[in-house]
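First the structure, in the form of structure tokens, and then the observations on it.
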Amino acid sequence: MTYSRGGVKIPHIIVEYTDNLKEETNISQLLKSLNEVLIARASTFPIGGIRSRAIELQHYYVANGSQDDAFVHVTLKIAGGRSDEVKQETCQAMFDVVTTHFSEVFDRRSLALSLELFEFSETGTFKKNNIHRRYQ
């Protein structure tokens, strides 16, 4: 069992999306595709630490609220220690997945897509994970 406080470079993906998109897209497939971006970079992002989740938003307000606008916001949370080049390339690859995934939806409705990188602070970050053993 691994116990750690900071140091482990865990990647978490959080996809927030408005509920008016749920019938137009496959969010589970999006999560899988985003995971694959990180899995392809396993030397930088340990596979056993990858966590992806989606949050369907039922309460939101977009622009002036007069249209059936939609949005998707992806947050990638990682521990510090990676170069700016690695972070930029990874985020671009993930945003490419998002824009490709929603390309048909984007062509037929008002939709805002965004991605944000957040680096965990080692202070106050605690983890317990035995999944890493499978990938060693």
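Under this note's numbering, the first residue of the sequence shown is numbered 1, with each subsequent residue one higher. Yeah, the Cβ is synthetic: ideal placement off N, Cα and C, and Gly gets one too.
Whole angstroms are fine: how far does the CA of N20 sit from the CA of V62? Within the sequence shown, residue 62 is the residue found at index 62, counting from 1. Within the sequence shown, residue 20 is the residue found at index 20, counting from 1. Answer to the nearest angstrom: the Cα atoms are 12 Å apart.
Quick check on the DSSP output: what are the complete beta strand (DSSP E) runs of length 3 or more inside the stretch 59-126, in order along the chain? 70-79, 111-120
DSSP state of K32 mapped onto helix, strand, coil: The residue labelled residue 32 in the question sits at position 32 within the sequence shown. Note: K32 maps to helix in three-state DSSP.
Under three-state DSSP, which class holds I131? Here residue 131 is taken as the residue at index 131 of the sequence shown, counted from 1. Three-state DSSP puts I131 in a helix.
With a Cβ-Cβ cutoff of 8 Å, do S33 and A70 count as a contact? The count along the sequence shown starts at 1 and reaches residue 33 at position 33. The count along the sequence shown starts at 1 and reaches residue 70 at position 70. By the CB criterion at 8 Å, S33 and A70 fall outside the cutoff.
What would DSSP say about I39, mapped onto helix, strand or coil? Along the sequence shown, one-based indexing puts residue 39 at 39. Residue state, collapsed to three classes: helix.
Going by the CB atoms, is the gap between L115 and V74 shorter than 8 Å? Translated into the one-based positions of the sequence shown, residue 74 becomes position 74. Translated into the one-based positions of the sequence shown, residue 115 becomes position 115. Going by C-beta atoms, V74 is nearer than 8 Å to L115.
Would you give the residue range spanned by the beta strand (DSSP E) that T18 belongs to? Taking the sequence shown and counting its residues from 1, the one referred to as residue 18 is at position 18. Looking at the DSSP string, the run of the beta strand (DSSP E) that includes T18 is 12-18.
Determine which residues share a DSSP beta bridge with E144 and list them. In the structure as shown, the chain starts at 1 and stops at 136, and residue 144 therefore has no counterpart that could be examined.
If you measure between the beta carbons of I27 and Y17, is that distance less than 8 Å? For the purposes of this step, residue 27 is taken as residue 27 along the sequence shown, with counting starting at 1. For the purposes of this step, residue 17 is taken as residue 17 along the sequence shown, with counting starting at 1. Yes, the Cβ-Cβ distance between I27 and Y17 is below 8 Å.
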